[in-house]
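Structure first, then comments.
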Amino acid sequence: MKSTPEDAEILRQAAAAIVERGHVVALTGAGISVDSGIPDFRSPGGIWDRFDPMEYAQIEAFRANPEKVWKMLRALGDMVGDAEPNPGHIGLAQLERLGFLKTVITQNVDRLHQRAGNTDVVEFHGSDQYLVCLQCGKRYEDKEVNQRGKDDAPRCECNAVLKPDVVFFGEPIPEEALVRAQMAARECKVMMVVGTSAVVFPASQIPFAAKRTGATVIEVNLEATPLTGSVTDIFLKGSSSTILPKLVETIEETIV
Ligand code: ZN
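Going by my numbering, the sequence shown opens with residue 1, and the numbers climb by one from there.
Here is the structure:
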């Protein structure tokens, strides 16, 4: 992406909004992890091209045939491999260290925000780092019980098959995550929407909730989304791994 004087001006506007208004909350989605090598599941070549989500990502499908779903989960594990936070995640962690960013609300399950250094992360869709037993409710760390390269599904000590602690289709969003996200959205002065078109409930509610209480909405996406023409005040077009480091740089220049 070649940057133009207009791009630099929009970056300065975004930096000024963050510095003047403080208290930033970010809503992130698959787009921020693409540059860590995690493909957007919904995009062509993504996991849902190879595995029909109706057959593999429904909670009923898991209950009916967990061994089959675990084959998909293993393939997914191989695709995601040892993903590391990219400059987009690191940019958000720097925004927290600078005292502006308070909370990250994410639709991702990869824990890359926590690994980059963000300390208050609301996970709408759970986390793939934990496994949970649907029989007895016991939780395990994935790396404790799940060995890559194995064929059979990991099991609980009660012998039931374990499920990744991520939200499958047909399962509710964890109540606590919903409540925390709504509170964060109402309290923020700047809402950053990064790498998501936020069209899927409940993420779709968050930018609107922030806007209603007077927040400035800054959007960072590769392409315009339904938000761009509605709630977005400042649209930074481009990949989050390019834009966020530049935004942090611009903020640092502003505050010295
Ligand atoms: Zn169990």
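Yeah, the Cβ is synthetic: ideal placement off N, Cα and C, and Gly gets one too. For clarity, every value in this text was computed on a predicted model and none was experimentally measured.
For the alpha helix (DSSP H) containing residue i, list its first residue and its last residue.
i, result
"residue 62", "59-64"
"residue 242", "240-255"
"residue 93", "87-97"
"residue 47", "47-50"
"residue 55", "53-56"
Does the Cβ of residue i have 16 or more other Cβ atoms within 10 Å, making it buried, or fewer, making it exposed?
i, result
"residue 135", "exposed"
"residue 6", "exposed"
"residue 26", "buried"
"residue 254", "exposed"
"residue 138", "exposed"
"residue 91", "buried"
"residue 172", "exposed"
"residue 102", "buried"
"residue 165", "buried"
"residue 154", "buried"
"residue 184", "buried"
"residue 78", "exposed"
"residue 36", "buried"
"residue 128", "buried"
"residue 258", "For the chain, the structure presents residues 1 to 256; residue 258 sits outside this window and is missing."
"residue 96", "buried"
"residue 100", "buried"
"residue 62", "buried"
"residue 244", "buried"
"residue 207", "buried"
"residue 64", "exposed"
"residue 203", "buried"
By DSSP's criteria, residue i is part of a beta bridge. Which residues make up the other side?
i, result
"residue 314", "Since the first residue shown for the chain is 1 and the last is 256, residue 314 is missing from the structure and cannot be characterised."
"residue 221", "237"
"residue 216", "190"
"residue 119", "Answer by DSSP bridge pairing: none, since residue 119 is not bridged."
"residue 101", "24"
Just curious, the beta strand (DSSP E) that residue i is in, first and last residue?
i, result
"residue 19", "Run containing residue 19: none in the beta strand (DSSP E); it sits in the alpha helix (DSSP H), 5-21."
"residue 27", "24-28"
"residue 227", "Neither: residue 227 is in no beta strand (DSSP E) and is coded neither H nor E."
Consider the Cβ of residue i: report whether some Cβ of chain B lies at a distance smaller than 7 Å.
i, result
"residue 187", "Given the protein chain composition of this structure (a single chain), no chain B is represented."
*Mind the definition here: the region 169-186 touches the region 82-89 only if three or more C-beta pairs lie below 8 Å; say whether that holds.*
no
*So does the region 185-200 actually touch the region 156-170, counting three or more Cβ pairs closer than 8 Å?*
No: the two stretches stay apart, fewer than three of their Cβ pairs being nearer than 8 Å.
*Go through the region 123-205 residue by residue and report every complete run of the alpha helix (DSSP H) that reaches 4 residues or more, in order.*
142-145, 175-187
*Evaluate contact between the region 104-115 and the region 123-141, counting only Cβ atoms and requiring at least three cross-stretch pairs below 8 Å.*
yes
*asked:* Counting beta carbon pairs with one atom in the region 217-226 and one in the region 64-78, are three or more of them shorter than 8 Å?
replied: no
*Is there contact between the region 7-17 and the region 228-235, where contact requires at least three CB pairs shorter than 8 Å?*
yes
*Three CB pairs or more closer than 8 Å across the region 206-219 and the region 238-245*: no
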